[in-house]
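Residue numbers (the working numbering), protein chains in the order written: chain Z, 872 to 1259; chain L, 872 to 1259.
Backbone N, C-alpha and C fix where the C-beta goes; we use that ideal spot for every residue, glycine too.
To start, the structure itself, in structure tokens.
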């Protein structure tokens, strides 16, 4: 196992992150806060009402940039609409990227943020890929933490509830033409969210989409850029029509990539009879998920099975299912945390994997879900949590 | 040649277009016009000032849609900024598409629109691909023509100047979450533009980008969706650093696709010694350009050489150049119309093709450019022009 650990720490996307910027960044010490005079009525803590992305909090963070003036002073202001010029390059050329993270209420009303530094790091990468301005990730994290504090009453303390954090960076050049934007807006909005699965985990059925390709080598699949998402909307509608919940994204040769907007994990007995938790390696076509990285880390600490990142082909996945070697399958992401998978549709066949019906998931899946939960809500202390 | 014609008309993307919508569409007869009270000072007709996308006209067209209410009444209103909710799905997931067309001043101050019906058709396709609402293309065209009439004083009548038309459709769902938007905004803006090349055509040097892939089979390269453009901004900056003007987009096996935001044409002597005008076929990864389609059509009418749409590989392109068989190379698109190419950088070699230095392009390239110009400005009457 030692060599696996070594490789992991060497190649982990989030190991030895550098959040600094070679250019002048905005600074959290310049943050100005304008409190709202019109506090919004909060929705009830009902998972059916407090769904993902439906409600915003009282304030937002905004920081503007121009190539002439650099970054503006960070401002926390009452939540408002943005005024955008109809020529804005975010509306025509999708020069825009975003992040997703979560804050939790912990014991003694503490506010806990989970690995937000990883999101800052990834956002810097996405921004660079789109020629959007760079910034100091530590400074943005401090500004976001200040926003969360201002709106802390919005973080539900019911179990399973949290506050979703959505940093976004959009190009606001007020002229048409495909080129680097000379203006940009960085903003962060928050939304209170209920548990993804109100009554515990719920396994899904996924369909191997061999018509639509989410991301190819040479594309931008590894960045959290807006343009990766629009093309997935129609294929999702189509797959839901035939009785599946999500698309499993593949390359034409069967290379497994993601599921919906989740990373993927398979827990199987390999051909040598060893238990292995395996996930597609970061080959440039896959989003380097923060939860993916966390699960890899937690699984290695469990130290009871092999933990592998490599190319995974759908042919080996269905073969393992057919041969009864597949133990568990799940997706993971910030929205859902952990998403058990009960069936894969591939080449006109459906491959099903049994799960523990008491847990509504496999046992390892459930254990990892619990571990993440305990870390996030404070039952278990961990360096991944910042208390703000 | 007859069979080529037959195939062309059979397979042309814009043959037998259906612009109708199975759903209720907005209607041009319901159009309401609110004239501005503050007319903007027009920029001087100087090609250095009146650059692409820099100036807007006095008005814009807007039509809103929601799944509950359907399409709103089309409105021509004074040019204004849009108010967008920070959760708007166009800002996070790039659920947005656009079009580009041009209007020209012709003899006797007539206003001439070039194949706008093709843009309406393509926009309906892009919209459907992103689960954005469908509409009747004829009705949108009529609304756009009304907008052009309202702002007709903005169309410069100097030679080479025109009025660029930018229809745009954006998702305005005010909630986070990757799904079909329940709200959308269709808007059309106009901008007066000077000639792309103030002093005639100007050949460019293009670089075969084998690192970044613009579009793969199974992707959305054939649609004019915003997300296709953002990933090209950084590669353009990089290629310009090494002395080229544009990227030539390829698949890893060398399949030639596009150049920058242009379609590509090669005029060569084939291995059988026949003159051929050849362009990459519409394989789903290539934008079905309106100018591309027009050039195919005009070239077939010239009837002096073969006109071919098929898979083109960079290996055959550089072989033809090396063997002295390449006669001319050019890109085409609504912005530039025709763009001569003088050199291709591929695999550490530069392949150059001589051109007529009086014309600053090849002779066929220049002839096609002239033909398009004459049709657009009214020296030559053609069914592609609507006079409004």
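With 7 Å set as the bound, which would you pick, yes or no: does the beta-carbon of residue i sit closer than that to a beta-carbon of chain Z?
i	result
residue 998 of chain L	no
residue 954 of chain L	yes
residue 1261 of chain L	Absent from the structure is residue 1261 of chain L, since the part of chain L shown begins at 872 and ends at 1259.
residue 924 of chain L	yes
residue 884 of chain L	no
residue 1060 of chain L	yes
residue 1089 of chain L	yes
residue 1132 of chain L	yes
residue 969 of chain L	yes
residue 904 of chain L	no
residue 957 of chain L	yes
residue 962 of chain L	yes
residue 877 of chain L	Model confidence at residue 877 of chain L stands at a pLDDT of 39, short of 50, so the residue's coordinates are unreliable; what they give is reported in the following sentence. It does not; no Cβ of chain Z falls within 7 Å.
To the nearest angstrom, how far is it from the Cα of residue i to the Cα of residue j?
i	j	result
residue 926 of chain Z	residue 1112 of chain L	45 Å
residue 1156 of chain Z	residue 967 of chain L	23 Å
residue 1089 of chain Z	residue 904 of chain L	47 Å
residue 1116 of chain L	residue 1085 of chain L	16 Å
residue 1027 of chain Z	residue 1047 of chain L	18 Å
residue 1150 of chain Z	residue 1126 of chain Z	11 Å
residue 1058 of chain L	residue 956 of chain Z	12 Å
residue 911 of chain Z	residue 1033 of chain Z	18 Å
residue 1037 of chain Z	residue 1023 of chain Z	15 Å
residue 1204 of chain Z	residue 1133 of chain Z	5 Å
residue 943 of chain Z	residue 958 of chain L	22 Å
residue 1208 of chain L	residue 1006 of chain Z	39 Å
residue 1196 of chain Z	residue 1219 of chain Z	21 Å
residue 1120 of chain Z	residue 1221 of chain L	38 Å
residue 954 of chain Z	residue 969 of chain Z	19 Å
Nearest CA to the CA of residue i: which residue from the options?
i	options	result
residue 1072 of chain Z	Z/1206, Z/1047, Z/960 and Z/967	Z/1206
residue 928 of chain Z	Z/937, Z/935, Z/1006 and Z/947	Z/947
residue 1083 of chain Z	Z/1107, Z/1096 and Z/1064	Z/1107
residue 951 of chain L	L/890, L/1098, L/1158 and L/909	L/909
residue 1231 of chain L	L/1222, L/1243, L/1210 and L/915	L/1210
residue 1070 of chain L	L/1031, L/1104 and L/1044	L/1031
residue 1003 of chain Z	Z/1109, Z/1173 and Z/896	Z/896
residue 1075 of chain Z	Z/1185, Z/887, Z/1131 and Z/1250	Z/1131
Determine, using beta carbons only, whether residue i comes closer than 7 Å to chain L.
i	result
residue 1002 of chain Z	yes
residue 1207 of chain Z	no
residue 874 of chain Z	Here residue 874 of chain Z scores only 36 on pLDDT, less than 50, and its place in the model should not be relied on; the value that follows carries that caveat. Taking Cβ atoms only, chain L never reaches closer than 7 Å to residue 874 of chain Z, which makes this a no.
residue 1077 of chain Z	no
residue 1068 of chain Z	no
residue 1158 of chain Z	no
residue 1006 of chain Z	no
residue 1327 of chain Z	Lying outside 872 to 1259, the shown extent of chain Z, residue 1327 of chain Z is not represented and no answer is given.
residue 881 of chain Z	For residue 881 of chain Z, the predicted model reports a pLDDT of 41, less than 50, meaning its position is unreliable; a value from the coordinates is still stated below. Residue 881 of chain Z does not count as touching chain L.
residue 1166 of chain Z	no
residue 1084 of chain Z	yes
Taking C-beta to C-beta, are residue i and residue j nearer than 7 Å?
i	j	result
residue 1139 of chain Z	residue 1129 of chain Z	no
residue 1051 of chain Z	residue 936 of chain Z	no
residue 1014 of chain Z	residue 1035 of chain Z	no
residue 1094 of chain Z	residue 983 of chain Z	no
residue 1091 of chain Z	residue 964 of chain Z	no
residue 1215 of chain Z	residue 1077 of chain Z	yes
residue 1170 of chain Z	residue 1178 of chain Z	yes
residue 961 of chain L	residue 885 of chain L	no
residue 949 of chain L	residue 907 of chain L	yes
residue 890 of chain L	residue 1065 of chain L	no
residue 902 of chain L	residue 1060 of chain L	no
residue 973 of chain L	residue 985 of chain L	yes
residue 1233 of chain L	residue 1199 of chain L	yes
residue 1016 of chain L	residue 1256 of chain L	no
residue 1201 of chain L	residue 1236 of chain L	yes
residue 1096 of chain Z	residue 997 of chain Z	yes
residue 975 of chain L	residue 1248 of chain L	yes
Just to check, is the beta-carbon of residue i closer than 6 Å to a non-hydrogen atom of the ligand HEM?
i	result
residue 1212 of chain Z	The ligand HEM is absent from the structure shown, which contains no ligand whatsoever.
Give the residues from the region 1028–1057 of chain L that approach chain Z closer than 7 Å (Cβ to any Cβ), ordered along the chain. So the list reads 1037, 1039, 1041, 1046, 1047, 1048, 1049, 1050 and 1051, given in the order they occur along the chain.
Selection of the region 1091–1124 of chain Z by Cβ proximity to chain L, strictly under 8 Å: If the cut-off is 8 Å between Cβ atoms, the region 1091–1124 of chain Z has 1091, 1096, 1097, 1098, 1099, 1100, 1101, 1102, 1103, 1104, 1105, 1107, 1108 and 1123 near chain L.
Interface positions of the region 1189–1203 of chain L facing chain Z (Cβ-Cβ less than 8 Å), listed along the chain: For the region 1189–1203 of chain L, the beta-carbon criterion of a distance under 8 Å to any beta-carbon of chain Z is satisfied by none of its residues.
Anything in the region 924–940 of chain Z with a Cβ closer than 8 Å to a Cβ of chain L? List those residues in chain order, please. So the close ones are 924, 925, 927 and 931.
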